[in-house]
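Working notes, structure below.
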Ligand code: NAD
Ligand code: IPM
Ligand code: MN
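Residue numbers (our numbering): 907 to 1265.
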């Protein structure tokens, strides 16, 4: 029976990069034994323009009834001044929370071909392979109360709430420990337990769950130090687990270790291996519509989808190998280009990956 994928390109470069990922899926359908059906939906600013909502009912229904979701990116200058309740980003956050995608896996892997493309020294990043496990449906992103209120003296006050229940910390802890068990069995939990009670509890629960995984070496680090260590000596990390907001920030930082944010894919999983797959970067309005965006993070997100939601490890590896092949061919979009490389646009990069798959 064929599986169904909801394809949600979103805004800005989302449209261009998802088109390349769809080419890859089309090729796997035609030339390999993949059997997926794709149905498109609106999300983000483009959905707001058409329906008045960044997450229309029809899109949510499509996402819920699909086996997996492929998402590009949302947001852009045009929608920045909208009320926060209908901003494009709310569409993405709504999908994450409605589908209960609490576990966000963000692998930062340096392809050896790109060692010199990173802004960091080659010996600092070569061989880098980190998995960031980010809690995705809780914390300050969703905590209540939140808002902007007017005080007695007419001064405005903005407020958000960092809040985690033990059960929310426990379930992400299990994902992180299980992930570490399949890797080097080292887990670093990142918090701000020296200042924030909520993450004091985070640390306590991590230690408690850790007793069920005696083989995993658990360490703890404050988030400010973790940001510094990621650029100082990133290879000390195997798996990192952290809260929603810290994970957002640290994963952009880790992306640059791999040469470009255009290289970092992600999987957002529920408890039944259903997932939404998207690059970690945004809609890049500064380069949208110019055939400049790197589609590899999105194509690598397809590989994660094949592995985690479609049960096809073989095809996942095939896609990853095709990405290696194009890098070996010295093909580079502008973000990973250095002198002497062969500069290509978004479309040409997508076509090259498809050609590499067919070999
Ligand atoms: P961004 O990730 O869109 O862009 C940051 C920088 O990285 C820009 O200079 C951009 O050109 C570059 N970049 C990003 N992806 C690239 C790619 N694939 N190839 C080459 N260069 C790339 O972050 P931002 O500028 O802070 O945000 C822009 C918009 O995107 C905002 O509306 C933001 O809310 C949204 N956003 C959405 C997502 C998402 O949908 N998952 C993630 C992050 C930001
Ligand atoms: C990400 C993005 C989102 C986040 C925004 C667009 C809501 O930055 O996926 O990393 O903050 O989670
Ligand atoms: Mn982010």
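Every residue gets a Cβ at the ideal spot worked out from N, C-alpha and C, and that includes glycine.
Start and end residues, beta strand (DSSP E) containing residue i
i	result
residue 853	Past the boundaries of the shown model lies residue 853; the chain is included only from 907 to 1265, so the question cannot be answered.
residue 978	974 to 979
Which residues DSSP lists as bridging residue i, in chain order
i	result
residue 946	913
residue 1126	1095
residue 1062	1056
residue 1115	DSSP lists no partner for residue 1115.
residue 1035	1015
residue 1237	1248
residue 1183	976, 1173
residue 1146	1038, 1094
residue 1178	In the DSSP output, where bridge partners are listed per residue, residue 1178 has none listed.
residue 1010	1040, 1174
From the options, residue whose alpha carbon lies closest to that of residue i
i	options	result
residue 968	922, 911, 926	911
residue 1036	1246, 1141, 1131	1141
residue 1157	1100, 1216, 1134	1134
residue 917	1069, 1153, 1033, 1194	1194
residue 1108	1149, 1020, 1066, 1264	1149
residue 1257	924, 1211, 955	924
residue 963	986, 926, 1132, 1004	1004
residue 1259	1180, 1211, 1161, 928	928
residue 1145	1153, 1086, 1106	1086
residue 1071	920, 1112, 1178	1112
residue 1167	1244, 1209, 1023, 1127	1023
residue 937	1250, 1226, 1221	1221
residue 1101	1209, 1068, 1246, 926	1068
The alpha helix (DSSP H) enclosing residue i, as first and last residue numbers
i	result
residue 969	963 to 971
residue 1156	1150 to 1163
residue 926	919 to 937
residue 1004	994 to 1004
residue 1206	1202 to 1214
residue 1188	Unbroken run through residue 1188: none, as it is neither H nor E.
residue 1078	1072 to 1087
residue 953	951 to 957
Inter-residue CB distance, residue i and residue j (contact presumed, cutoff 8 Å)
i	j	result
residue 1137	residue 1026	7 Å
residue 976	residue 914	7 Å
residue 1175	residue 1203	With 8 Å as the limit, residue 1175 and residue 1203 do not qualify as a contact, their Cβ atoms being about 18 Å apart.
residue 1153	residue 1010	7 Å
Take every Cβ of the segment 1002 to 1021, pair it with every Cβ of the segment 940 to 950, and state whether three or more of those distances are shorter than 8 Å.
-> no
Taking one C-beta from the segment 980 to 1000 and one from the segment 1182 to 1193 each time, how about it: are there three or more such pairs within less than 8 Å?
-> yes
Inter-stretch contact (C-beta, 8 Å, three-pair minimum) for the segment 1111 to 1124 and the segment 1084 to 1099 | yes
Give a yes or no on contact between the segment 1037 to 1049 and the segment 1074 to 1083, applying the rule of three or more CB pairs nearer than 8 Å.
-> yes
Touch check for the segment 952 to 971 and the segment 981 to 1000: three-plus C-beta pairs under 8 Å?
-> The segment 952 to 971, when compared against the segment 981 to 1000, does touch it at the 8 Å Cβ threshold.
Does the segment 1196 to 1205 come within contact of the segment 1235 to 1246, defined as at least 3 CB pairs closer than 8 Å?
-> yes
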